[in-house]
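For reference, the structure is listed below as structure tokens.
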Amino acid sequence: MKKLIWLLLPLALIVGYVTREKAVVPISQVVSMGTSTTALPTQTQTPVSLSIFPSSIQQGEPAEIVINNIDATDIKSLTFNGKSVGVFMYNSKPTGFIGIDLKMAPGTYPLILTLTDGKTAKKDLIVRKRAIAEAPLGIPDKLGGNTSASEAALVATLARENAILAAVPTASTMLWSGPFVLPLHTAIVVTDPYGYTRLTGLSTISHKGTDFRAAEGTPVYAMNAGTVKVAETFVEYGNTVVIDHGLGLQTLYMHLSKIEVSVGETVEKGQEIGKSGQTGYAEAPHLHISVKIGGISIDPEKFLELFR
Ligand SMILES: [Zn+2]
Numbered sequence: 004m005k006k007l008i009w010l011l012l013p014l015a016l017i018v019g020y021v022t023r024e025k026a027v028v029p030i031s032q033v034v035s036m037g038t039s040t041t042a043l044p045t046q047t048q049t050p051v052s053l054s055i056f057p058s059s060i061q062q063g064e065p066a067e068i069v070i071n072n073i074d075a076t077d078i079k080s081l082t083f084n085g086k087s088v089g090v091f092m093y094n095s096k097p098t099g100f101i102g103i104d105l106k107m108a109p110g111t112y113p114l115i116l117t118l119t120d121g122k123t124a125k126k127d128l129i130v131r132k133r134a135i136a137e138a139p140l141g142i143p144d145k146l147g148g149n150t151s152a153s154e155a156a157l158v159a160t161l162a163r164e165n166a167i168l169a170a171v172p173t174a175s176t177m178l179w180s181g182p183f184v185l186p187l188h189t190a191i192v193v194t195d196p197y198g199y200t201r202l203t204g205l206s207t208i209s210h211k212g213t214d215f216r217a218a219e220g221t222p223v224y225a226m227n228a229g230t231v232k233v234a235e236t237f238v239e240y241g242n243t244v245v246i247d248h249g250l251g252l253q254t255l256y257m258h259l260s261k262i263e264v265s266v267g268e269t270v271e272k273g274q275e276i277g278k279s280g281q282t283g284y285a286e287a288p289h290l291h292i293s294v295k296i297g298g299i300s301i302d303p304e305k306f307l308e309l310f311r
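Under this note's numbering, the residues of the sequence shown are numbered 4 to 311, in order.
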């Protein structure tokens, strides 16, 4: 289970593919959606193939790629749209997660698996357009209120804080295990979903996370095991914890009233890492969660669905 491969080797030449078939997926305990595969001939009787879950993916969503009929040691690289995808063993199969950026143009993008013997398998992933809702969102008095000056400051500060968070490194090994879990033990109510556009004055700000209802001081738990890479106070994101789970997977917890972990600390799945609050750009207590795959913030609710 722990054996994994993380490869950054450049894409090999594609030698073409010949068959298209429907495959039965033997990991239905992980995901329930259907699949189809495009496979290449190999020396084995059952061709190597790639399965994509869920079967339909839109802007801002994650996808799980399962590699069928091959040992992990025979995999040289997996790429999506030319970018390396970390491969790990999950439910006894080589698996990778990819994130579709909220702004990635709808269309067809290639997944290419390269084996150590030079053979390749290719599958196209179709990114569908997401319907983006818009809603106005004011600036709280503590951040200057609804003035053009505080709006400019908000946008500039967000850009600075996003740059800091984008630079958080990820481990080259898998630090998590099993399904990711919810960060709250209270009743789950989503107060603001991922993906909509907030109209703040003349600026538009994409909400790249999920807001959960959480009274001030509600315990917040690590969604899986990993290493704390950020535990600090930002102007807009408030008290923030970032946990790196390795292979490009990171979870972010924002607007906390209290941080209970330190940078460099190893945390277990379900460990309490802080208390919810309304620090930073927040108009009421809640817990904002972001999930990043390869630096791309995807819909946390859709990510959790991959483990159902
Ligand atoms: Zn939020």
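Ideal Cβ placement from N, Cα and C applies to all residues, glycine included.
- Closest option to Asp214, judged by alpha-carbon separation, among Leu255, Gly110, Leu168 and Glu308: Leu255.
- Each residue's CA atom was taken as its position, placing Tyr224 and His258 some 14 Å apart.
- In the three-state reduction of the DSSP assignment, Ala170 falls in the coil class, being assigned neither a helical nor a strand state.
- A distance below 7 Å between beta-carbons, with the five flanking residues on each side excluded, links Ser151 to the following residues of its chain, in chain order: Gly204.
- Looking at the backbone, the Cα of Asp77 and that of Val270 are separated by about 32 Å.
- By the Cβ criterion, the segment 71 to 88 is in contact with the segment 114 to 123, since at least three pairs of Cβ atoms, one from each stretch, lie closer than 8 Å.
- Residue state for Lys145 is assigned as helix, using DSSP reduced to three classes.
- For Gln62, the closest alpha carbon among the candidates Leu128, Gly280, Gly121 and Ala124 is that of Leu128.
- According to the DSSP assignment, Pro288 belongs to no alpha helix (DSSP H), since it is labelled neither H nor E.
- Rounded to whole angstroms, Pro196 and Gly121 show a C-alpha spacing of 43 Å.
- Look at Asp77 here: in three-state DSSP terms it is helix.
- Distances taken from the Cβ of Asp195 to the heavy atoms of ligand 1 include one shorter than 7 Å.
- The beta carbon of Phe306 sits closer than 6 Å to those of Pro65 and Val294, all from its chain and outside the five residues before and after it, given in chain order.
- Between Ala285 and Gly241, the beta carbon gap of about 6 Å places them in contact (Cβ cut-off 8 Å).
- The shortest C-alpha to C-alpha distance from Thr194 to any of Pro288, Glu67 and Pro97 is the one to Pro288.
- Under the DSSP definition of a beta bridge, Thr269 partners with Thr230.
- Taking 8 Å as the cut-off, the beta carbon of Gln281 is found no closer than this to the beta carbon of Glu235.
- The beta carbon of Arg131 sits closer than 8 Å to those of Ser59, Ile60, Gln61, Gln62 and Pro109, all from its chain and outside the five residues before and after it, given in chain order.
- Lys126 sits in a strand when the DSSP states are folded into three classes.
- Take the alpha-carbon of Ala156 and the one of Ile101: they are about 33 Å apart.
- Proximity to Ser54 across Val88, Asn227 and Lys126 peaks at Lys126, based on C-alpha coordinates.
- Annotated three-state conformation of Asn242 is strand, per DSSP.
- Judged by DSSP in its simplified three-state form, Val158 adopts helix.
- At a Cβ-Cβ threshold of 8 Å, Gly251 and Ala169 do not count as neighbours.
- According to the DSSP assignment, Lys96 belongs to the beta strand (DSSP E) that extends over Lys96 to Gly102.
- Inclusion of Pro303 and Gly212 in the CB contact set at 8 Å is warranted, their separation being smaller than that value.
- With a threshold of 7 Å, the Cβ atom of Gly280 does not count as near ligand 1, since no heavy atom of the ligand is closer than that.
- In terms of Cα proximity to Val171, the closest of Lys106, Ser260, Glu308 and Ile296 is Ile296.
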